[in-house]
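Q: Residue numbers for the sequence shown follow this note's numbering, so the first one is 60 and each next one is one higher. Quick one: the structure is below, and I'll ask about it shortly.
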Amino acid sequence: MEKSGKASRGDGKDVDHKDGNPKNNSKKNLRVISRAANRSIKRNKNAEKA
Numbered sequence: 060m061e062k063s064g065k066a067s068r069g070d071g072k073d074v075d076h077k078d079g080n081p082k083n084n085s086k087k088n089l090r091v092i093s094r095a096a097n098r099s100i101k102r103n104k105n106a107e108k109a
């Protein structure tokens with residue numbers, strides 16, 4: 060994401076995997092979102108929603 064100019068070090072953003080699979084690094088699966096938003100996402104898709 061740094062090479063494409065969408066993110067830079069120290070900008071407070073994280074790279075998110077849309078499908079939740081960290082091994083899938085295709086361009087279509089990656090997006091840049093805020094650090095707070097990325098770290099507040101529930102990772103277990105099988106868990107019951109509150």
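Yeah, the Cβ is synthetic: ideal placement off N, Cα and C, and Gly gets one too. In this text the structure is predicted, and so the values were computed from the model without any measurement.
Measuring straight from C-alpha to C-alpha, what distance separates D78 and S67?
A: On the sequence shown, position 19 is the one that residue 78 refers to. On the sequence shown, position 8 is the one that residue 67 refers to. Going from the Cα of D78 to the Cα of S67 covers about 23 Å.
Q: Look up R102 in the DSSP assignment and say whether it is helix, strand or coil.
A: Your numbering for residue 102 matches position 43 in the sequence shown. Coil at R102, not helix or strand.
Q: Where do the ends of the beta strand (DSSP E) carrying D73 lie?
A: Stepping through the sequence shown from its first residue, residue 73 is reached at position 14. Its beta strand (DSSP E) spans residues K72 to H76.
Q: Distance cutoff 8 Å, beta carbons only. Does R102 sit that close to anything in chain C?
A: Among the chains of the structure shown, chain C does not appear; only one protein chain is present.
Q: Measure the CB-CB distance between D70 and N97 and report whether it falls below 8 Å.
A: As a position in the sequence shown, residue 70 is number 11, starting the count at 1. As a position in the sequence shown, residue 97 is number 38, starting the count at 1. Contact flag unset, no.
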